[in-house]
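S.K.: Each residue of the sequence shown is one higher than the one before, starting from 1009 at the first, in the numbering used here.
Built from N, CA and C at the ideal position, the CB exists for glycine as well.
In this text the structure is predicted, and so the values were computed from the model without any measurement.
The structure is given below, and queries will be raised subsequently.
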Amino acid sequence: MHSVETFLDLQSEATEWRRYLHQNPELDYRLHKTAQFVAGKLASFGINHIETGIAETGIVALIQGEGGDGPTIGLRADMDALPILEASNKPWSSTMPGKMHACGHDGHTAMLLGAAKYLAKSRNFKGSVALIFQPAEEDGQGGQRMIQEGIMDRFGISQVFGMHNRPGIEVGKFATCDGPNAAALDEFDVVVKGRGGHAAQPHRTIDPIVVAAQIIVGLQTLVSRNTDPIESLVISVTKLNAGTAHNIIPECAELAGTVRTLLPSLRDFAERQIEACARGIAQGLGAEIEFRHRRLEPIMFNHTEATNLAIEAARALVGSEAVSDKMRPSMGSEDFGYMLEARPGAYIRIGNGPTASLHHPAYDFNDEALPYGIGYWVNLVETALAV
Ligand SMILES: [Zn+2]
Ligand SMILES: [Zn+2]
């Protein structure tokens, strides 16, 4: 196990990679330049088992240890950027207007490349490491597609680990927790069908705008009056569309929203009750609804044994105090949850210092964090696959 000093040598090279990726952001599955860059680097480290084109532009590369037979663990980095116009004013800002690495996936990719370089040389572990470079995390589907394309079985992965930077945590600190780490993500759409007409004669209409307004208010009680206050559920109505003129009551109103929760039972409750509440209110007021609900990302659930390995690896790097094992879960979502459904594993947050928040136009990954992320991956491998 190493302290961070071991990895300071890699910092300037990893910074160059990170800034190259930052200048050349690509979106969703269309990561052709990014994937080419990653595969080229992996090959230059002497890694000869590299499979590209998984989930379009994803990559899995295998490094075998020299410590004998053992299991294979997966380390995952996401590679995609966001459709945001960058305003960081850094010399290495995006060269593609309207696209930027505003979630730090450039840093995640550079950290896993740094670990790959180190591990390909040292090989001081048993079994194998599968380096997973994933597209389309922001879309919430890339992780699922890599699973559907069979990476866990094909590469014999028995445990899988992820890492994400977090602004607001100091550089050199880590945070995680056992159990749920990030929320499930579901979306719903409601179309309220009333009866349109002249705004001066509301009694001849069924006003879908008034019904939609009642539904929005009604949905607030699902959290405030029907959910255990100790448990977490978010229901946010985020879209509302209706009407074309001051003097017309429209036929329809449409609303849509998002649901986040850390508990499977609350997920089921929300799916059932949002529909029941909307339908009941609409019927009471003479209208009808069409309802659609989609389950998108699963709850991201850290497994106990793997979480303990992650904490041990991080603490060996930066000391016990610098690693919180009691992080509060996030109500945001992460498609690494699909990988943690497929295999046991753990996800950890790495401090990005006092930068702008994720998805903000002024955000930039903090290059000072690179040796910490590289060191975490190496320590994790040498802990989980100790010779
Ligand atoms: Zn993001
Ligand atoms: Zn992200």
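Verify the contact flag: E1259, CB atom, against every heavy atom of ligand 2, threshold strictly below 7 angstroms.
M.R.: As a position in the sequence shown, residue 1259 is number 251, starting the count at 1. Incorrect: E1259 has no Cβ contact closer than 7 angstroms to ligand 2.
S.K.: In three-state terms, what does DSSP make of A1124?
M.R.: Position 116 of the sequence shown, counted from the start, is the residue given in the question as residue 1124. Helix at A1124.
S.K.: Which residues share a DSSP beta bridge with L1090?
M.R.: Within the sequence shown, residue 1090 is the residue found at index 82, counting from 1. DSSP, once it has assigned bridges, lists M1108 as partnering L1090.
S.K.: Any heavy atom of ligand 1 closer than 7 angstroms to the beta-carbon of L1029?
M.R.: Position 21 of the sequence shown, counted from the start, is the residue given in the question as residue 1029. For ligand 1, not one heavy atom lies less than 7 angstroms from the Cβ of L1029.
S.K.: Taking the beta carbon of S1136 as the centre, do at least 16 other beta carbons fall within 10 Å, making it buried, or is it exposed?
M.R.: Start at 1 with the first residue of the sequence shown, and residue 1136 comes out as number 128. Burial call: buried.
S.K.: Count the other CB atoms, across all protein chains shown, that sit within 10 Å of the CB of H1030; report buried if there are 16 or more and exposed otherwise.
M.R.: If you number the sequence shown from 1, residue 1030 lands on position 22. Buried, because 16 or more other Cβ atoms sit within 10 Å of the Cβ of H1030.
S.K.: Assess, as a yes-or-no matter, whether the stretch 1285-1297 is touched by the stretch 1214-1227 under the definition of 3 or more beta carbon pairs within less than 8 angstroms.
M.R.: The stretch 1214-1227 is in contact with the stretch 1285-1297.
S.K.: Give every residue of the same chain whose Cβ lies closer than 8 angstroms to the Cβ of N1132, excluding the five residues on either side of it in the sequence, and list them in chain order.
M.R.: Against the sequence shown, residue 1132 aligns to sequence position 124. Within the same chain, N1132 has close Cβ partners G1073, E1074, G1075, E1390, V1395.
S.K.: Taking the beta strand (DSSP E) that N1234 belongs to, which residues open and close that run?
M.R.: As a position in the sequence shown, residue 1234 is number 226, starting the count at 1. Run containing N1234: none; DSSP gives neither H nor E here.
S.K.: Decide if D1114 is buried, meaning its Cβ has at least 16 other Cβ atoms within 10 Å, or exposed.
M.R.: Start at 1 with the first residue of the sequence shown, and residue 1114 comes out as number 106. Its Cβ being crowded by 16 or more others within 10 Å, D1114 is buried.
S.K.: Return the CA-CA distance between P1188 and I1282, expressed in angstroms with no decimal places.
M.R.: Along the sequence shown, read from residue 1 onward, the residue named residue 1188 stands at position 180. Along the sequence shown, read from residue 1 onward, the residue named residue 1282 stands at position 274. Those two C-alpha atoms are separated by around 23 angstroms.
S.K.: Who's in the neighbourhood of ligand 1, going by beta-carbon under 7 angstroms from any heavy atom, listed in chain order?
M.R.: Residues flagged by the Cβ proximity filter: L1090, C1111, E1145, E1146, L1366, H1367.
S.K.: When you compare only the Cα positions, how much space is there between N1360 and L1227?
M.R.: On the sequence shown, residue 1360 is found 352 positions in, with the first residue counted as 1. On the sequence shown, residue 1227 is found 219 positions in, with the first residue counted as 1. One C-alpha to the other measures close to 37 angstroms.
S.K.: Where in the stretch 1127-1207 do unbroken runs of the beta strand (DSSP E), each at least 3 residues long, occur, reported from the N-terminal end onward?
M.R.: Runs of the beta strand (DSSP E) inside the stretch 1127-1207: 1136-1142, 1165-1174, 1187-1190, 1192-1201.
S.K.: With a threshold of 16 other CB atoms inside 10 Å of the CB of A1051, please say whether the residue is buried or exposed.
M.R.: On the sequence shown, residue 1051 is found 43 positions in, with the first residue counted as 1. The residue in question, A1051, is exposed, as its Cβ has fewer than 16 Cβ neighbours within 10 Å.
S.K.: Any heavy atom of ligand 2 inside 7 angstroms of the beta-carbon of H1109?
M.R.: Mapped onto the sequence shown, residue 1109 falls at position 101. No - ligand 2 has no heavy atom lying nearer than 7 angstroms to the Cβ of H1109.
S.K.: Where M1347 and G1151 are concerned, what is the direct C-alpha to C-alpha distance, given to the nearest angstrom?
M.R.: As a working note, residue 1347 is residue 339 in the sequence shown. As a working note, residue 1151 is residue 143 in the sequence shown. Approximately 7 angstroms between the Cα atoms of the pair.
S.K.: Let's test the definition: count the other Cβ atoms within 10 Å of the Cβ of L1093 and tell me whether it reaches 16, buried, or not, exposed.
M.R.: As a working note, residue 1093 is residue 85 in the sequence shown. By the neighbour-count rule (16 or more Cβ atoms within 10 Å), L1093 is not buried but exposed.
S.K.: What number of angstroms, rounded off, separates the C-alpha of V1199 from the C-alpha of A1295?
M.R.: Counting from 1 along the sequence shown, the entry for residue 1199 is found at position 191. Counting from 1 along the sequence shown, the entry for residue 1295 is found at position 287. So the alpha carbons of these two residues sit roughly 10 angstroms apart.
S.K.: Would you list the one or two residues that DSSP bridges to K1247?
M.R.: Counting from 1 along the sequence shown, the entry for residue 1247 is found at position 239. Bridge partners of K1247: A1264.
S.K.: Please determine, among L1139, M1171, L1230, Q1209, the residue with the shortest C-alpha to C-alpha distance to N1255.
M.R.: The residue you call residue 1255 lines up with position 247 of the sequence shown. When each option's Cα is compared against that of N1255, the closest is Q1209.
S.K.: Determine whether the beta carbon atoms of F1196 and V1242 lie at a separation below 8 angstroms.
M.R.: One-based indexing of the sequence shown puts residue 1196 at position 188. One-based indexing of the sequence shown puts residue 1242 at position 234. Taking 8 angstroms as the Cβ cut-off, F1196 and V1242 do not qualify as a contacting pair.
S.K.: Using a Cβ-Cβ cutoff of less than 7 angstroms, which residues in the same chain neighbour T1117 once the five nearest sequence positions on both sides are dropped?
M.R.: Here residue 1117 refers to the residue found at position 109 of the sequence shown. Contacts found: L1029, V1046, A1085, M1087, F1141.
S.K.: Evaluate H1367 with the Cβ neighbour count: other Cβ atoms within 10 Å of its Cβ, from every protein chain shown; 16 or more gives buried, anything less gives exposed.
M.R.: In the sequence shown, the residue the question calls residue 1367 occupies position 359. It is exposed - the Cβ of H1367 has fewer than 16 other Cβ atoms within 10 Å.
S.K.: Going by C-alpha distance, which of E1024, R1302, P1272 is nearest A1191?
M.R.: Within the sequence shown, residue 1191 is the residue found at index 183, counting from 1. When only C-alpha atoms are compared, the closest one is P1272.
S.K.: What's the call for A1253, buried or exposed, on a 16-neighbour Cβ count within 10 Å?
M.R.: As a first step, residue 1253 must be located in the sequence shown, where it is residue number 245. Exposed: under 16 other Cβ atoms inside 10 Å.
S.K.: From what residue to what residue does the beta strand (DSSP E) around R1302 run?
M.R.: Along the sequence shown, one-based indexing puts residue 1302 at 294. Where R1302 is concerned, the enclosing beta strand (DSSP E) stretches over 1296-1305.
S.K.: Following a CB-centred definition, is D1086 positioned closer than 7 angstroms to any heavy atom of ligand 2?
M.R.: Indexing the sequence shown from 1 puts residue 1086 at position 78. Yes.
S.K.: Alpha carbon to alpha carbon, how far is T1246 from G1122? Give it in angstroms, no decimals.
M.R.: Position 114 of the sequence shown, counted from the start, is the residue given in the question as residue 1122. Position 238 of the sequence shown, counted from the start, is the residue given in the question as residue 1246. Cα to Cα, the separation comes out at about 40 angstroms.
S.K.: Are there three or more Cβ pairs, one per stretch, closer than 8 angstroms when the stretch 1378-1387 is compared with the stretch 1307-1317?
M.R.: In short, these stretches do not touch, since the Cβ pair count stays below three.
S.K.: Rounded to whole angstroms, what's the CA-CA distance from D1372 to T1363? Just pull it up for me.
M.R.: Residue 1372 sits at position 364 when you count from the first residue of the sequence shown. Residue 1363 sits at position 355 when you count from the first residue of the sequence shown. Each residue's Cα considered, the two are about 7 angstroms apart.
S.K.: Per DSSP, Y1380 forms a beta bridge with which residues?
M.R.: Looking up residue 1380 in the sequence shown gives position 372. Its beta-bridge partners do not exist; DSSP assigns none.
S.K.: Can you tell me which of the three DSSP states K1334 falls into?
M.R.: Here residue 1334 refers to the residue found at position 326 of the sequence shown. The answer is strand: DSSP assigns K1334 an E or B state.
S.K.: Identify whether R1084 lies in helix, strand or coil by the three-state DSSP scheme.
M.R.: One-based indexing of the sequence shown puts residue 1084 at position 76. Strand.
S.K.: Under the assumption that A1370 contacts S1020 (Cβ atoms under 8 angstroms), give the Cβ distance between them as a whole number of angstroms.
M.R.: What you label residue 1370 is simply residue 362 of the sequence shown in a count that begins at 1. What you label residue 1020 is simply residue 12 of the sequence shown in a count that begins at 1. Actually they do not touch by this definition, with Cβ atoms about 24 angstroms apart.
S.K.: Locate the beta strand (DSSP E) running through T1060, then write down its first and last residues.
M.R.: The residue you call residue 1060 lines up with position 52 of the sequence shown. 1057-1062 is the span of the beta strand (DSSP E), which, as asked, contains T1060.
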